[in-house]
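Engineer:
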Amino acid sequence: MDQSRITKEGIRIHAPEDFAGMRKAGALAAQILDEVGDLVAPGATTGALDEFITRRVEELGATSATIGYRGYQHASCISVNHVVCHGIPGDKVLKDGDILNIDVTVILHGWFGDSSRMYAAGRASLKAQRLLQVTHDALMKGIEAVRPGATFGDIGAAIQTYAEERRMSVVRDFCGHGIGRVFHAPPNVLHFGRPGKGAVLEEGMFFTIEPMINLGRPETKVLADDWTAVTRDKSLSAQFEHSIGVTADGCEIFTPSEKFFPQMD
Ligand code: MF3
Ligand code: CO
Ligand code: CO
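Note that the working numbering gives residue 234 to position 50 of the sequence shown, counting from 1, and the numbers run on in steps of one.
1) Going by alpha carbons, who is nearest to T229 out of H375, D280 and E403?
2) Where K192 and D282 are concerned, what is the direct C-alpha to C-alpha distance, given to the nearest angstrom?
3) Taking T289 as part of the beta strand (DSSP E), name the residues at either end of that continuous run.
4) Any chance the region 282–294 sits against the region 331–349, with 3 or more Cβ pairs inside 8 Å?
5) Please list the terminal residues of the continuous beta strand (DSSP E) segment that includes Q423.
6) For R301, list the residues DSSP reports as bridge partners.
7) Ordered along the chain, which non-local residues of its own chain (more than five positions away) have a Cβ less than 7 Å from that of K325?
8) Would you tell me roughly how many angstroms separate the C-alpha atoms of T250 and I428, rounded to the nearest one?
9) Could you check what DSSP says for I190 in three-state terms: helix, strand or coil?
10) Around the C-beta of Y253, are 16 or more other C-beta atoms found within 10 angstroms, so that it is buried, or is it exposed?
11) Starting from the Cα of K418, find the closest Cα among L407, R196 and V277 and give me that residue.
12) Mind checking N454: buried by the 16 CB within 10 Å criterion, or exposed?
13) Looking at the secondary structure, which residues open and close the beta strand (DSSP E) in which E201 lies?
14) Between V277 and the rest of its own chain, which residues show a CB-CB distance below 7 Å, the 5 nearest in sequence each way excluded?
15) Return helix, strand or coil for T431, following the three-state DSSP convention.
16) What are the boundary residues of the beta strand (DSSP E) that includes K452?
17) Starting from F236, follow the alpha helix (DSSP H) in both directions and report where the run begins and ends.
18) If you draw a straight line from the C-alpha of H258 to the C-alpha of G388, how long is it?
19) For H293, tell me which candidate among S248, G274 and H270 has the shortest Cα-Cα distance.
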């Protein structure tokens, strides 16, 4: 029997056996993010990191979800310093102290695994290190709010409260998303909000949480390449992303790794 159904908000409730597919796809995304971390160093180009990711996705028997997605040409997004998300890999050379997000989405046996994390090239400044710590911990606060009966507003509020209490700001212009046998599905998972608001979480929902946190103001703009999103005030921005599934008593992280954080030297 197909136990999948769709809620009134358009959110798919997956069957228990669907968790296995997401676990494998998520583990593969996490493995590639583990491996590419060894190549992050001053002097490396973002294009070289992306070429490695492209090759590993193929060698591991998966497909890139981003190559060909809405015209995007690469297996990763690499967002350096004040780039918020959707940075396009290319000939940019990393320099000592740069912080960067690498975001990889793979398709394995039809299931999508989407994760991103932060790295530092050489030695990040103390304020950059603090941004990474707070952004990582904000994601984990959001994940801790996930259980059947909680709401998407509870997740957003947990993230927003944590970041703003530390005088950092939450990007409003991009959000997490439902995931599964498709890349981006309902709902929009906002990283800000009010407790008790939004759709109620149910066992079997699969989605990402991927907060972007800025040291300065939250506003972003998209560059002329139509992809690269940057902070308007040029302040540093960080992001961590996990794909998760709601379980009977909480959630399963599909993209875990001991190296998820920290990646500092
Ligand atoms: N992986 C990103 C996300 O977290 C989406 C990247 S789409 C791309 O949803 F086309 F820019 F690669
Ligand atoms: Co995502
Ligand atoms: Co992603």
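All C-beta atoms in this analysis are idealised placements derived from N, C-alpha and C, irrespective of residue type, glycine included. These numbers were taken from a predicted model, which means no experiment stands behind them.
Structural biologist: In this structure, then:
1) For T229, the nearest C-alpha among the options comes from D280.
2) Cα to Cα, K192 sits roughly 44 Å from D282.
3) I283 to L292
4) By the C-beta criterion, the region 282–294 is judged not to be in contact with the region 331–349, since fewer than 3 inter-stretch pairs fall below 8 Å.
5) S421 to Q423 is the span of the beta strand (DSSP E), which, as asked, contains Q423.
6) I286
7) A342, I343 and Y346
8) 19 Å
9) strand
10) exposed
11) Closest by alpha carbon: L407.
12) As shown, the chain starts at 185 and ends at 449. That puts residue 454 outside it, with no answer to give.
13) That residue, E201, is in no beta strand (DSSP E); it is neither H nor E in DSSP.
14) G227 and T229
15) strand
16) Beyond the ends of the chain as shown, which are 185 and 449, falls residue 452; an answer cannot be given.
17) In the DSSP assignment, F236 falls within the alpha helix (DSSP H) that extends over T230 to E243.
18) Going from the Cα of H258 to the Cα of G388 covers about 30 Å.
19) S248
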